[in-house]
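Novice:
Number of protein chains: 2
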Amino acid sequence: MTGPEKQENPSILERGWLWFRDIPSKPIAKLCDVARRAIKVAEEDPRRLIHSLKVGVTVTLVSLLYYLQPMYDNLGASAILAVMTVVVVFEFTVGGTIGKCLNQGLATLAAAALAIGAQHLAILTGKRSEPYLIGLFVFIQAVAMTFVRFFHNVKAKYDYGVLIFILSFILVSISGLRMNNVLNLAQARLVTTVIGASTSLAICILFRPMWAGEDLHKYVAQNISQLGNFLEGHLDQCFKTSCDAEIEITKPSIINLDSIIVDSKVKEETLADLARWEPGHGQFMFRHPWKQYLRIGNLTRQCASRLEPINGYLNSKFQAPKEIKCTIKEAFTESTKALKELAWAIETMTEPSSASPHIENLKIASRNLKSLLRSGVWGDQSDVLQIIPVAAAMIDTISSVEQIGDAVKELSLMAKFKSRMAEIPSLSVAID
Amino acid sequence: MTGPEKQENPSILERGWLWFRDIPSKPIAKLCDVARRAIKVAEEDPRRLIHSLKVGVTVTLVSLLYYLQPMYDNLGASAILAVMTVVVVFEFTVGGTIGKCLNQGLATLAAAALAIGAQHLAILTGKRSEPYLIGLFVFIQAVAMTFVRFFHNVKAKYDYGVLIFILSFILVSISGLRMNNVLNLAQARLVTTVIGASTSLAICILFRPMWAGEDLHKYVAQNISQLGNFLEGHLDQCFKTSCDAEIEITKPSIINLDSIIVDSKVKEETLADLARWEPGHGQFMFRHPWKQYLRIGNLTRQCASRLEPINGYLNSKFQAPKEIKCTIKEAFTESTKALKELAWAIETMTEPSSASPHIENLKIASRNLKSLLRSGVWGDQSDVLQIIPVAAAMIDTISSVEQIGDAVKELSLMAKFKSRMAEIPSLSVAID
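Sequence order for the protein chains is A and B.
Letter 369 of the first sequence, counting from 1, is numbered 369 in UniProt numbering, and no numbers are missing.
Letter 26 of the second sequence, counting from 1, is numbered 26 in UniProt numbering, and no numbers are missing.
1) According to DSSP, is I247 (chain B) part of a helix, a strand, or is it coil?
2) Got a sec: is the Cβ-Cβ distance from D273 (chain B) to anything in chain A below 8 Å?
3) When the cut-off is 8 Å and only beta carbons count, does G56 (chain A) lie next to chain B?
4) Establish whether the CB of S25 (chain B) and some CB of chain A are separated by less than 8 Å.
5) Quick one: using the 10 Å Cβ neighbour count with 16 as the cut-off for buried, is C204 (chain B) buried or exposed?
6) Report the CB separation of V401 (chain A) from S335 (chain A) in whole angstroms; it is logged as a contact under 8 Å.
7) Under the assumption that D273 (chain A) contacts A156 (chain A) (Cβ atoms under 8 Å), give the Cβ distance between them as a whole number of angstroms.
8) Of the choices B:R287, B:G95, B:R276 and B:G233, whose alpha-carbon is the least far from that of N311 (chain B)?
9) How would you list, in chain order, the residues of chain B whose beta-carbon sits under 9 Å from the beta-carbon of H281 (chain A)?
10) Would you mind giving the Cβ-Cβ distance between Y66 (chain B) and N103 (chain B), rounded to the nearest angstrom? I have them listed as a contact below 8 Å.
11) Starting from W344 (chain A) and walking both ways along the alpha helix (DSSP H), at which residues does that stretch end?
12) Using DSSP with H/G/I as helix, E/B as strand and the rest coil, what is H281 (chain A)?
13) Please state whether DSSP places K418 (chain A) in a helix, a strand or coil.
14) So which residues on chain D does D396 (chain B) lean against when the C-beta distance must stay under 8 Å?
15) Check whether chain B comes within 8 Å of G233 (chain A), counting only Cβ atoms and requiring the distance to be less than that.
16) Just the chain B side, please: which residues come within less than 8 Å of I388 (chain A) by C-beta, in chain order?
17) Alpha carbon to alpha carbon, how far is T397 (chain A) from L307 (chain A)? Give it in angstroms, no decimals.
18) With a threshold of 16 other CB atoms inside 10 Å of the CB of H51 (chain B), please say whether the residue is buried or exposed.
19) Just checking: is the beta-carbon of V87 (chain A) within a distance shorter than 8 Å of some beta-carbon in chain B?
20) Could you tell me the distance, in whole angstroms, from the CA atom of E91 (chain B) to the CA atom of G280 (chain B)?
21) Measuring only the C-alpha atoms, how far is S259 (chain A) from S412 (chain A)?
22) At what residues does the alpha helix (DSSP H) containing I50 (chain A) begin and finish?
23) Under 9 Å, CB to CB, which of the residues in the region 106-139 of chain B have a partner in chain A?
24) Kindly indicate if chain A contains any beta-carbon less than 8 Å away from that of T193 (chain B).
25) Assuming V266 (chain A) and L342 (chain A) form a contact by the criterion Cβ under 8 Å, report the distance between their Cβ atoms to the nearest whole angstrom.
26) DSSP three-state call for R149 (chain B): helix, strand or coil?
27) Excluding the five sequence neighbours on either side, which residues of its own chain have a C-beta within less than 7 Å of the C-beta of K337 (chain B), listed in chain order?
28) Report the rounded CA-to-CA distance for I39 (chain B) versus F151 (chain A), giving the unit in angstroms.
29) Helix, strand or coil for P252 (chain A) per DSSP?
30) Run through chain B and tell me which residues come within less than 8 Å of Y158 (chain A), C-beta to C-beta.
31) Would you list, in sequence order, the uninterrupted alpha helix (DSSP H) runs of no fewer than 4 residues that lie entirely inside the region 108-150 of chain A?
32) The region 352-369 of chain A: which residues have C-beta closer than 8 Å to a C-beta of chain B, in chain order?
33) Skipping 5 residues on each side, what residues in its chain have a beta carbon closer than 6 Å to that of Q222 (chain A)?
34) Rounded to the nearest angstrom, what separates Q7 (chain B) and I388 (chain B) at their Cα positions?
35) Quick one: is I249 (chain B) near chain A, going by C-beta distance under 8 Å?
36) Kindly indicate which residue of B:L109, B:I170 and B:R149 has the alpha-carbon position closest to the one of Q187 (chain B).
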């Protein structure tokens with residue numbers, strides 16, 4: 001059934017006939033649909049295609065272990081584990097892959113060691129009670145480790161490691177019941193895991209690496225810049241024919257802040273968790289202050305949720321006494337500029353000194369707005385329900401922008417952003 | 001190093017000495033700390049302990065396969081796969097376990113069939129080119145499936161299935177190079193997967209099942225009730241000595257709405273995805289309208305983000321002309337009642353008719369508030385910056401509460417909530 005027919009909501013009989021009629025064209029339509037979606041997914045972020053190719057190459061490389069006779073002779077059927085390790089461990093970002101490799105490596109090592117210990121203990125008690133004791137160990141271990149997965153910080157960072165620990169412990173300790181040499185099994189498992197993990201790591205880092213840290217860095221800057229665009233959109237819509245019409249801005253649509261308010265927190269925290277595993281790269285040191293990005297992200301979200309109500313009050317028919325309207329416009333303009341300067345400062349890792357004058361202007365605008373509102377100079381009382389919420393949201397927003405400015409300044413000190421001085425040539429280009 | 005010493009931030013030398021000095025007491029302190037946290041995790045939700053025990057029992061049961069000689073003779077080393085399936089598939093909620101079982105089962109089946117097909121195709125081309133062709137298939141499959149994982153709806157529901165597909169395809173097709181009878185391997189793998197999955201399912205559903213649907217149901221109701229508590233807290237703090245002081249409410253602290261605004265979306269969507277796998281249970285049918293809960297959740301979040309700014313404006317020093325203050329208080333009281341009635345209606349699955357009078361009152365209060373504000377009757381202009389944002393937030397909140405009321409009414413029709421009439425005896429108890 002193709003798209004348009006679906007929307008008509010036909011009866012069951014009709015649907016049955018349509019289904020029957022469409023049998024020949026169905027797979028083709030479906031394939032076309034999947035292809036269209038695939039192109040969309042790839043266009044959204046072309047790195048997805050690169051990642052898929054990298055996984056394919058790594059899997060094929062590692063499966064050579066299984067083709068090559070000498071490797072197979074040494075590792076036996078365990079060789080397949082190397083391929084499995086690649087599939088499970090190879091993540092989109094370098095941080096994700098390193099984190100999973102470390103988790104897998106350490107968990108396998110710890111579990112194998114413990115399981116061999118348990119095995120020896122069980123053998124000491126005699127051949128007869130051995131399976132019972134192993135069963136008991138498996139039970140206790142499974143209960144304890146499953147429970148540990150509920151710990152908040154374990155769940156966030158080591159969930160995969162704990163899962164591998166449970167699996168490896170059971171594999172090694174149970175296999176001991178049937179095999180004479182558990183050590184060989186444990187060793188083969190370890191070697192193949194190391195081969196799989198190290199190949200994944202090498203290909204992940206060496207060919208077109210995707211850094212979680214870089215993504216976080218860009219994402220935080222982009223969200224701040226989105227706030228600026230939001231204000232700019234309103235500026236264009238509502239204050240065009242205002243006190244001074246010399247500045248012409250051509251942003252057509254109002255930006256939706258919902259995605260910043262609701263979705264950004266999880267994304268930022270995930271990226272920051274992954275970025276912590278990453279070594280230094282490009283402009284980022286090993287211990288780059290990723291936590292500060294989360295702080296900036298929180299303030300951005302706060303600012304977005306303060307700005308969001310404006311949508312309901314501000315439209316092209318916004319009427320207010322000229323003085324108030326000019327002050328609100330001033331606040332909009334300066335906030336837009338300040339936010340864009342801050343976003344630019346993060347993106348280019350430059351000191352955010354260019355935002356300071358705008359933030360100073362904002363403080364003045366906020367004071368002016370408050371005193372204007374308190375003096376009650378509105379000619380036409382009927383708009384007070386529209387003016388004051390906008391003004392109040394704007395006053396809140398200004399204090400949010402100030403806080404974002406401070407947080408970015410802190411970040412620039414922590415991460416040693418380059419001085420503005422060195423940037424003057426490129427700066428003038430950016431301002432032009 | 002124990003807690004208090006950490007906070008003093010000593011120099012490296014001091015820290016070294018402290019570390020050395022604390023060696024004997026360290027493991028004990030660490031153990032005590034872990035134990036305390038474990039108790040806290042178990043107290044937050046005692047079902048976590050039950051889940052851990054269930055996993056332990058299932059793992060131990062399934063590992064019997066490996067102990068018992070006749071089973072081992074038939075399944076061989078593949079028996080270990082059953083235990084692994086349990087560890088990977090057994091989730092906290094029934095929906096999660098069913099979803100993973102279906103994913104694992106279907107993906108294994110499809111991948112095994114395809115891999116055997118690929119194997120036969122490769123054999124047809126001759127013994128020499130077989131490994132190359134298999135390698136090519138593995139490569140293409142890995143690239144395609146890794147890419148498919150980026151599709152939004154695949155990632156949300158079938159990510160695990162795709163992973164298992166990749167693993168199973170590689171396992172079966174590569175093993176074919178070394179074994180004469182791939183069918184046997186595929187069959188053993190399938191049987192063990194089925195044994196592991198079905199044991200997990202049985203234990204998950206039969207002993208103290210945790211239903212994702214029930215969790216979602218309770219969570220949505222609880223969030224609405226939290227909004228009521230938030231309003232009640234403010235009512236208590238700010239309007240105590242107001243126009244009529246007869247109602248005495250003893251809610252001490254102001255509730256934080258951040259967790260509703262920021263965290264609830266992901267939790268609700270995850271639970272709704274899991275609930276869709278669940279069969280009918282208790283008061284819930286098989287196709288219970290879980291999507292409607294997401295709609296209610298969205299409206300609740302919207303209401304929370306409209307209420308949140310009130311925190312900044314409302315405090316015990318809130319001053320306003322008596323008429324306005326009484327109307328705002330009326331809006332607070334009626335919103336509290338309406339929200340609590342709605343939460344109660346969802347929780348007990350009763351028609352939300354008891355909320356209607358409160359919602360009607362709210363509409364009147366909203367109209368009164370608007371006309372009062374427009375008539376500009378405040379005696380003391382200096383508070384206008386405090387009064388209007390609160391009033392505007394309240395007017396927005398009222399329209400949100402109305403929308404929540406409508407959405408709950410829709411839910412009650414969709415899910416056939418029981419009529420209010422049948423509930424009168426228990427109702428009167430609840431109101432008392």
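Glycine included, each C-beta is placed from N, C-alpha and C at the ideal position.
Being a predicted model, the structure only gives us computed values, none of them experimental.
Specialist: Put simply:
1) Note that I247 (chain B) scores 44 on pLDDT, short of 50, meaning its location in the model is unreliable and no value can be drawn from it.
2) no
3) yes
4) no
5) buried
6) 5 Å
7) 6 Å
8) B:G233
9) Within chain B, no residue comes near H281 (chain A); the closest Cβ sits about 23 Å away, beyond 9 Å.
10) Their Cβ separation, rounded to whole angstroms, is 25 Å, which puts Y66 (chain B) and N103 (chain B) out of contact at 8 Å.
11) K322 to T348
12) strand
13) strand
14) Here chain D cannot be found, since the structure's protein chains are A and B.
15) no
16) V384, L385, I388, P389 and A392
17) 6 Å
18) buried
19) yes
20) 18 Å
21) 26 Å
22) R47 to Y67
23) P131, I134, G135, L136, V138 and F139
24) no
25) With 8 Å as the limit, V266 (chain A) and L342 (chain A) do not qualify as a contact, their Cβ atoms being about 23 Å apart.
26) coil
27) H358
28) 11 Å
29) No answer about P252 (chain A) holds up, because its pLDDT of 47 lies below 50 and its placement is not dependable.
30) Neighbours of Y158 (chain A) on chain B: none; closest Cβ ~14 Å, over 8 Å.
31) 130-148
32) none
33) none
34) The pLDDT assigned to Q7 (chain B) is 48, lower than 50, so where the model puts this residue is not dependable, and the model offers no usable value.
35) Bear in mind that the predicted position of I249 (chain B) carries a pLDDT of just 44, short of 50, making it too unreliable to give a figure here.
36) B:L109
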